[in-house]
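Remarks on the structure that follows.
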Amino acid sequence: MTTIAAGTAAFFQRATGQMGELRRQAESLQQQIATGERLAVSSDDPVAAARLRALGRAERLAQVDRATSDDTLQSLRFADDILATIGNEIARARELTVQAASDTLSTNNRALIGTELEAIASNLLAAANSTDNAGRPLFAGDSDGPAYTLDASGNPVYGGTSAAVAVDLGDGVVIDRGVTGPEVFDFTANGAPANLIGFVRSLALALQDGAGDPAGAARAALEGFGEAFESLSRSQTAIGVRVAWVETVQDRQITTSEARAEEQFAAGGVDFASTIAELQQTLVVLEASQAAFARMSNLTLFNAI
Amino acid sequence: MASDLFTIGTSGLRAAKSALDLTAQNIANANTPGYTRRSLGVAELSGNGSIAKTSSIRLGGVMIEGAQRSQSAFLQAEARRTGSDAARATAQLDGLRVAERSIESAALFPALTEFEASLAQLANDPLSAPLRGQVIETARIAADSFNLAARGIAGALDEVQFETGAAVDRVNILTAELARTNGNIARTQDGSSARLTLLDQRDLLINEMSGFAGVAARFDQFGRVELRLGDGAGPLLVSGNVSATLASSTDADGRISFTLDGAGVAPGSGSLAGGALAADGIANRLAELDSAATRLITLANDAQAAGVTPTGLAGAALFSGISASTIALALTNGAGLATAPAGSPANSRNIGNLGDLRNALADSAGPGTLIDNLLFSLSSEISGRDLTEQALATIAESAAAALSQETAINLDEEAADLIRFQQSFQASSRVVETARNIFDTLLAI
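Here the protein sequences line up with chains H and V, keeping their order. Residue numbers for the first sequence follow my numbering, beginning at 28 and rising by one. Residue numbers for the second sequence follow my numbering, beginning at 58 and rising by one.
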């Protein structure tokens, strides 16, 4: 209970103090409306402020995760496109090999087919060494250099790492960005391990070399192309699954971000309707107390004597 | 007979005139700090008559005994005690608020979050030069924010120390002034207006004193004060015309301690106690800030040492310094960031080492969490103390109101007194007139 002071000076002091406090409250509400933030400093509501700090940090890191997801998705789609190109090249090479396998073809024509296959081999090499739009090699794993280089005798050598790059998409989701070169290009031809680039290249050389049995070599290679297709489609499936996965992750990121924004508003946002009503109420009380003060301070016995 | 009436009427006139003077004095001093309401002490004047007939009526009118101060020792003590408590809470809260503002305005937590975010971005493309440059810039901002927060907190500590030092000087002036007032009080006459003015001055000084430190006052028959620090058993501040000297000192951490005439004392309330508590609180926060900065330096530099740069070399230290005020960026080129674990070939995109650093930073012992905890503990302490301060201020206000009820001037009351004493003056003048009429009647016989 507050004791009402009888002193005149105390009356003025108390009245100005109370009006000052009301004014301070009104100004604080006005500031909340102007900034849209309920808290000016942490001590206004320590628990909400701590929550806001945690949410702010989570949102900032989630922004990075979202950018990473977008980037990963692009990279995966790009890899998918490149794999499709490689598929086309394999189909074309197989078609040419079927033609070359026919005994009716002249040696000259077979040599021409060999030249075309050689071009396909270098296309395949270029595709294997392609990079995504950030300049990162698609099929070299962690390595920054090209996936395949040709050694002195023209055989492809894999220069990348054995595992694909693992990307952290946040919330503990780690996904492989792309596939490694060996996953795409290595297969088993007639029971022996083979590399697609080297396989096409040696077939091209065999067809151009009229001395041996080019048609026989072409026939022997036909089965190998089937294996190469299988290896390729395994990689394509893997990429496709990952694209779908990243898309799911992105959906969840958006949902989480919305939930976070809602929680941020609940912890530190200003509810305009109630804040404006509160401001109005404070102003009414302030005006009333000012009017009351003016009336009270006029009430003195000296006016009557 | 008529001369008796004349004397009685004159004494009444004199008393009413003096009472009117005092009322005018009260009205004039309605806004004077420390002024307490005066009232006139009067007594009936009557004679004993002759030796033989003691019962005969011998009236002499009214006698002025002297001016009196309205006072209440209990309410005074209560107002001082509650005022001291409120002053302590305010001083402590003010100091902590400055510390909070300086940490928040340094935007330390957002800066650390940005640093983490830039590391997360780098993890997606560890060889990108722009992303590496961004990590260096955010690291620089984090270091700058630590410097800024440390400077702000040190500034808050300085401010508290300065204010406490100024308060100690003022306390010494007050105690010396009280000792002098004690001497003067003894030399004045009881009931004289000079004595009353000195007593007002004495109470004003004790009240100001109680804002700085909780004191216990005891008064002798003349009104001289014996002032002790704390309660009635505390060390003597003022006794007679002797005053003790208060001094403050600060230790290396910035904590404040006090001595009275060389002996250590700890004021329990008042702004001196509040200042010492605030300095303690701020010094603790500075230590926490330092440990967060040291944690960031250790984590970043250890991670750098554990990994290799794109050129295959071991990483150099990212930060230099040993505290929040000395932390600085040591690595200025993004190419020097060791993202790959030791043993990786040149230009490796392996982010094993970077991942370790990110995990360590996000850990519950990481600098971000330490700063978050620091802000939370500081802001909840302020929020709690704010409630305490409001409660103590209300209590102090009620005590001051109760005291002012006794001692302060109420103009309405004075106006009523003015009419009352005017009427008694008029009544006494009628008595004199009646005396004259009687005398005239006697002469006319």
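Think of the CB as a built atom: it goes at the ideal place given N, C-alpha and C, for glycine as much as any other residue. Predicted model, so just to flag it, every value in this text is computed and none were measured.
Buried or exposed (CB count within 10 angstroms, at least 16 for buried), residue i
i, result
"Ile476 of chain V", "exposed"
"Pro506 of chain V", "Lying outside 58 to 502, the shown extent of chain V, residue 506 of chain V is not represented and no answer is given."
"Gln361 of chain V", "buried"
"Glu54 of chain H", "exposed"
"Thr139 of chain V", "buried"
"Phe329 of chain H", "exposed"
"Phe269 of chain V", "buried"
"Asn83 of chain V", "buried"
"Asn10 of chain H", "The structure shown does not extend to residue 10 of chain H, since chain H spans only 28 to 332, so no value can be given for it."
"Met266 of chain V", "buried"
"Arg41 of chain H", "buried"
"Thr29 of chain H", "Below a pLDDT of 50, predicted positions are generally treated as unreliable, and Thr29 of chain H, at 45, falls in that range; no measurement from the model is reported."
"Ser129 of chain H", "exposed"
"Val201 of chain H", "exposed"
"Asn239 of chain V", "buried"
"Ala144 of chain V", "buried"
"Pro324 of chain V", "buried"
Element boundaries [beta strand (DSSP E), containing residue i]
i, result
"Gly321 of chain V", "320-322"
"Thr89 of chain V", "Segment: none, Thr89 of chain V is in no beta strand (DSSP E) and carries neither H nor E."
"Gly274 of chain V", "At residue 274 of chain V the sequence reads Ala, which differs from the Gly that was named. Unbroken beta strand (DSSP E) run through Ala274 of chain V: 272-276."
"Leu326 of chain H", "Leu326 of chain H -> no beta strand (DSSP E), and no H or E assigned at all."
"Arg285 of chain V", "282-286"
"Ser103 of chain V", "95-103"
Expected contact under 8 Å - CB spacing of residue i and residue j to nearest Å
i, j, result
"Phe166 of chain V", "Leu435 of chain V", "12 Å between Cβ atoms; not a contact."
"Arg406 of chain V", "Leu184 of chain V", "6 Å"
"Thr207 of chain H", "Ser189 of chain H", "7 Å"
"Leu29 of chain V", "Ala501 of chain V", "In the structure displayed, chain V extends from 58 to 502; residue 29 of chain V sits before or after that span and is not available."
"Ala167 of chain H", "Asp182 of chain V", "With 8 Å as the limit, Ala167 of chain H and Asp182 of chain V do not qualify as a contact, their Cβ atoms being about 14 Å apart."
"Leu234 of chain H", "Leu144 of chain H", "7 Å"
"Glu446 of chain V", "Ala146 of chain V", "4 Å"
"Thr309 of chain H", "Gln45 of chain H", "Between Gln45 of chain H and Thr309 of chain H the Cβ distance is about 12 Å, and since that is not below 8 Å, they are no contact."
7 Å Cβ cut-off: residues of chain V touching residue i
i, result
"Pro241 of chain H", "Per Cβ cutoff of 7 Å: no residues; Pro241 of chain H is ~42 Å from chain V at best."
"Val194 of chain H", "Asn181"
"Gly34 of chain H", "Ser461, Ala465, Ile466, Asn467"
"Thr95 of chain H", "Asn181"
Opening and closing residue of the alpha helix (DSSP H) in which residue i lies
i, result
"Glu122 of chain V", "Premise fails: Glu122 of chain V lies in the beta strand (DSSP E), 116-126, not in any alpha helix (DSSP H)."
"Asn222 of chain H", "No alpha helix (DSSP H) contains Asn222 of chain H, which is instead part of the beta strand (DSSP E) from 219-222."
"Thr95 of chain H", "73-128"
"Gly152 of chain V", "130-162"
"Phe482 of chain V", "468-501"
"Leu414 of chain V", "409-419"
"Pro209 of chain H", "208-212"
"Glu345 of chain V", "328-363"
"Glu193 of chain V", "Rather than Glu, the amino acid found at residue 193 of chain V in this sequence is Ile. Here the alpha helix (DSSP H) through Ile193 of chain V covers 186-244."
"Ile60 of chain H", "35-62"
"Phe292 of chain H", "241-295"
"Ile428 of chain V", "424-464"
"Pro167 of chain V", "165-181"
"Leu155 of chain H", "Inspection of the sequence shows that residue 155 of chain H is occupied by Ala rather than by Leu. Note, Ala155 of chain H: alpha helix (DSSP H), 134-155."
Chain H residues whose Cβ lies nearer than 8 Å to that of residue i
i, result
"Ile476 of chain V", "Ile332"
"Gly425 of chain V", "Arg84"
"Asp443 of chain V", "Ser70"
"Asp429 of chain V", "Ala77, Arg80, Ala81"
Within chain V, partners of residue i - CB distance below 9 Å
i, result
"Asp98 of chain H", "Asn181, Asp182"
"Val270 of chain H", "The premise fails here: Val270 of chain H is roughly 17 Å from chain V at the closest Cβ pair, so nothing lies under 9 Å."
"Val273 of chain H", "Within chain V, no residue comes near Val273 of chain H; the closest Cβ sits about 13 Å away, beyond 9 Å."
Within chain H, partners of residue i - CB distance below 7 Å
i, result
"Glu173 of chain V", "Leu88"
"Ser437 of chain V", "Pro73"
"Ser440 of chain V", "Ser70, Pro73"
Within chain V, the residues that residue i reaches when beta carbons sit closer than 8 Å
i, result
"Leu328 of chain H", "Leu468, Asp469, Ala472, Ala473"
"Ser170 of chain H", "Pro402, Asn404, Ser405, Arg406"
"Ala321 of chain H", "Residues of chain V passing the Cβ test: none, with the nearest at roughly 17 Å."
Cross-chain neighbours of residue i in chain H, by beta carbon under 9 Å
i, result
"Leu432 of chain V", "Ser69, Pro73, Ala76, Ala77, Arg80"
Quiz prompt | Members of the segment 143-170 of chain V near chain H, C-beta cut-off 8 Å | solution = Cβ contacts with chain H: Arg154, Glu157, Arg158, Glu161, Phe166, Pro167, Thr170.
Exercise. Select from the segment 62-89 of chain H all residues with a C-beta closer than 8 Å to any C-beta belonging to chain V, and list them in chain order.
Key: So the close ones are Val68, Ser69, Ser70, Asp71, Asp72, Pro73, Val74, Ala76, Ala77, Arg80, Ala81, Gly83, Arg84, Arg87, Leu88.
Quiz item: Which residues, in order along the segment 461-474 of chain V, keep a beta-carbon less than 9 Å from a beta-carbon of chain H?
Solution: Per Cβ criterion, the list reads Ser461, Gln462, Glu463, Thr464, Ala465, Ile466, Asn467, Leu468, Asp469, Glu470, Glu471, Ala472, Ala473.
Quiz item: Of the residues that make up the segment 135-164 of chain H, which ones have a beta carbon closer than 8 Å to any beta carbon in chain V?
Solution: Of all residues in the segment 135-164 of chain H, the ones placed with a Cβ closer than 8 Å to any Cβ belonging to chain V are Ala161, Arg163, in chain order.
Exercise. Select from the segment 226-247 of chain V all residues with a C-beta closer than 7 Å to any C-beta belonging to chain H, and list them in chain order.
Key: Using a CB distance below 7 Å, no part of the segment 226-247 of chain V faces chain H.
Practice problem: Output, in sequence order along the chain, the residues in the segment 282-308 of chain H whose CB is closer than 9 Å to any CB in chain V. | Solution: Cβ contacts with chain V come from no residue of the segment 282-308 of chain H.
Quiz item: Which residues, in order along the segment 313-346 of chain V, keep a beta-carbon less than 7 Å from a beta-carbon of chain H?
Solution: Only those residues of the segment 313-346 of chain V whose C-beta falls short of 7 Å from the nearest C-beta of chain H would be listed, and there are none.
Quiz item: According to a CB-to-CB cut-off of less than 7 Å, which residues of the segment 185-218 of chain H neighbour chain V?
Solution: The segment 185-218 of chain H vs chain V, Cβ under 7 Å: Val192, Val194, Asp195.
Self-check item: Residues, ordered as in the chain, of the segment 39-60 of chain H that lie near chain V by beta-carbon distance below 7 Å
Solution: Within the segment 39-60 of chain H, no residue qualifies.
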